[in-house]
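Data first, discussion second: the structure below is written as structure tokens.
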Amino acid sequence: MNGAIVYAGGTRYDGVSGTDRHIADRLSAYADVLYVDPPRPLRSGLRDPETGKAGHVLRQAGPRLWRLSPVAPPAAYRPGVDRVTAALARRAVRAAAREAGLGIGAVVVAGTTDLMDVRRGARTVRFVTDDLVAGASLIRMSAARLAQAERRMTRRASEVVVVSPGLAERVALMGRTATLVPNGCDVSAYAAVDDAPHPADLPAGLAATPVAGFVGHINARIDIALLEAVADTGVPLVLVGPRVGEYEPERWPALIGRANVHWVGRKPYEELPSYLRLIDVGLTPYADSEFNRASFPLKTLEYLAAGRGVVSTDLPATAWLEAGPLIPVARTPAEFAATVTAHLRVARTSALAERRRAFAARHDWNERVRLLADLLGIDIREVAGR
1 MNGAIVYAGG TRYDGVSGTD RHIADRLSAY ADVLYVDPPR PLRSGLRDPE
51 TGKAGHVLRQ AGPRLWRLSP VAPPAAYRPG VDRVTAALAR RAVRAAAREA
101 GLGIGAVVVA GTTDLMDVRR GARTVRFVTD DLVAGASLIR MSAARLAQAE
151 RRMTRRASEV VVVSPGLAER VALMGRTATL VPNGCDVSAY AAVDDAPHPA
201 DLPAGLAATP VAGFVGHINA RIDIALLEAV ADTGVPLVLV GPRVGEYEPE
251 RWPALIGRAN VHWVGRKPYE ELPSYLRLID VGLTPYADSE FNRASFPLKT
301 LEYLAAGRGV VSTDLPATAW LEAGPLIPVA RTPAEFAATV TAHLRVARTS
351 ALAERRRAFA ARHDWNERVR LLADLLGIDI REVAGR
């Protein structure tokens, strides 16, 4: 492949570190990457919230990584306006590439803005990381419009990539065969987790007792009944992550008001080892929904990468991992709580932690990006040998 990769993310680059950022960061080790944030409607402010600059903002985020934060018209994603938004974004991408001195060789679209036609003749990949149609209410967009956009981009892409078997089945219904590139984890990020400093916003006494914990977005994807059941057992429960919108307006305040529950809000990715140092069993308490059944939670593998135990609800992605006893599955609140308490009684030995880390290493992001790089025409061995 000649030229840079335009990576149109579904989330801002500076948001919670998820699939898009992990993939883009690792692709930049092998090619120039221009990461494109979802266009920001003018109603959210004329200036970029990070830099304070007006209009489209281009900045360098790494040695071979640039980030473009484009602006869009008001009501950017309404019918009719969405096509204007996409056209303006494509124009902004071309201008940013010229400014950065980049030729465009490939385009990866993981978000909802259609940037497939940024450069005629470029290799294009539709990267499906979630069932956006099933989750339309979560992102406050029209399910019908999302379905139309999904079909359009899936039909035109050179290749289609998905993160879960369920999404592959959905793409097959559109007449395309998808390549499975599941979500992964960053094993190196948690190599020194046991030496991380104690978080200043958690009681020092937690270091002396088994702790259950959740790390991630707190939104409608999470079954609060599972968290309540764990809290009911009396074990310390640490919750790390932002609460989105008005999630569970009555039950959430009641949950975090308990003496054994500690919610610390959103934390930078670099600080997560400090919180995972205290957590003995990580939780993946996803509700049984169409959206979640098509997802591939990052947190499950990240808990294992830190050498911690994990308890998950019954998700197809969990079954695909074939982790056996390393990822026990529970289906009801009572079963979930009982499984968590049972695993909190398991001693955290170095041998068990290494088993967990070794399993996670098989699913490291560096392994995942090799699959995507191959579809983009990047010979990683050739690049590494230069």
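Each residue of the sequence shown is one higher than the one before, starting from 1 at the first, in the UniProt record's numbering. No residue lacks a Cβ here, since even glycine has one placed at the ideal position from N, Cα and C.
Judged by DSSP secondary structure, HIS343 falls outside any beta strand (DSSP E) and instead within the alpha helix (DSSP H) spanning 333 to 344. Straight-line measurement puts the Cα of ARG21 at about 33 Å from the Cα of ALA231. By the criterion of a C-beta distance shorter than 8 Å, ASN260 is surrounded in its chain by ALA231, GLY234, VAL235, PRO236, LEU237, once the five residues flanking it on both sides are discounted. Contact annotation, VAL81 with HIS217: C-beta distance approximately 27 Å; criterion of less than 8 Å not satisfied. DSSP places GLU159 inside the beta strand (DSSP E), whose first and last residues are 159 to 162. In this structure MET116 does not touch VAL108 by the C-beta definition: roughly 10 Å separates them, more than the 8 Å allowed. Per DSSP, the unbroken alpha helix (DSSP H) holding ALA89 starts and ends at 81 to 100. Within the model, the alpha-carbon separation for TYR269 versus GLY241 is close to 10 Å.
Ranked by how close their Cα comes to the Cα of GLY3, the residues ILE23, ASP25, ARG12, ALA31 have ALA31 in first place.
HIS22: member of the alpha helix (DSSP H) spanning 19 to 27, first to last residue. Residue nearest to PRO79 within the set ARG145, LEU276, GLU169, ARG266 is ARG145 (criterion: CA-CA distance). Taking 7 Å as the cut-off, the beta carbon of LEU226 is found closer than this to the beta carbon of PRO333. Two segments are said to touch when three or more pairs of C-beta atoms, one from each, lie closer than 8 Å; by this definition the stretch 297 to 306 touches the stretch 182 to 195. Under the 8 Å Cβ criterion, the stretch 367 to 383 does not count as touching the stretch 187 to 204, having fewer than three qualifying pairs.
For ALA360, there is no enclosing beta strand (DSSP E); the residue is found in the alpha helix (DSSP H) stretching over 350 to 361. Annotated three-state conformation of ARG308 is coil, per DSSP. Looking at the backbone, the Cα of PHE296 and that of LEU102 are separated by about 33 Å. In this model, PRO197 and SER274 are separated by some 6 Å (Cα to Cα). Put simply, the backbone Cα of ALA317 is about 35 Å away from that of ALA72. Ranked by Cα distance from VAL6, the options TRP66, VAL160, GLU150 are led by TRP66. With 16 or more other CB atoms across the displayed protein chains lying within 10 angstroms of its CB, PRO199 is buried. Distance from the Cα of ASP131 is smallest, within the candidate group ASN366, GLY111, ASP25, GLY55, for GLY111. Counting along the chain, ARG126 sits inside no alpha helix (DSSP H); it lies in the beta strand (DSSP E) bounded by residues 123 to 128. Taking a C-beta distance under 7 Å as the contact criterion, PRO39 and THR85 qualify as a contact pair. Within its own chain, the residues whose Cβ lies closer than 7 Å to the Cβ of VAL181, once the five positions on either side in sequence are excluded, are VAL161, VAL163, ARG368, LEU371, LEU372, listed in chain order.
Annotation: ILE279 is outside any alpha helix (DSSP H) and is labelled neither H nor E by DSSP.
Sixteen is the threshold: when 16 or more other Cβ atoms of the shown chains lie within 10 Å of the Cβ of THR129, as they do, the residue is buried. In this structure, the straight-line span from the alpha carbon of ALA208 to that of PRO63 is close to 42 Å. Segment contact: the stretch 274 to 293 against the stretch 145 to 159, fewer than three CB-CB distances shorter than 8 Å; contact not assigned. Nearest C-alpha to ARG345 among GLU246, GLY324, VAL310: VAL310. Taking the Cα positions, ASP114 is about 7 Å away from MET153. The DSSP assignment places complete alpha helix (DSSP H) segments of no fewer than 4 residues inside the stretch 218 to 295 at 224 to 232, 251 to 256, 272 to 278, 290 to 293, in order along the chain.
Taking a 10 Å sphere around the C-beta of THR339, we find 16 or more other C-beta atoms and assign the residue as buried.
In the displayed model, ILE380 falls within a helix according to three-state DSSP. Here the alpha carbons of GLU248 and ALA323 stand approximately 32 Å from one another. Closest option to ALA143, judged by alpha-carbon separation, among PRO210, PRO70, ARG91, PHE291: PHE291.
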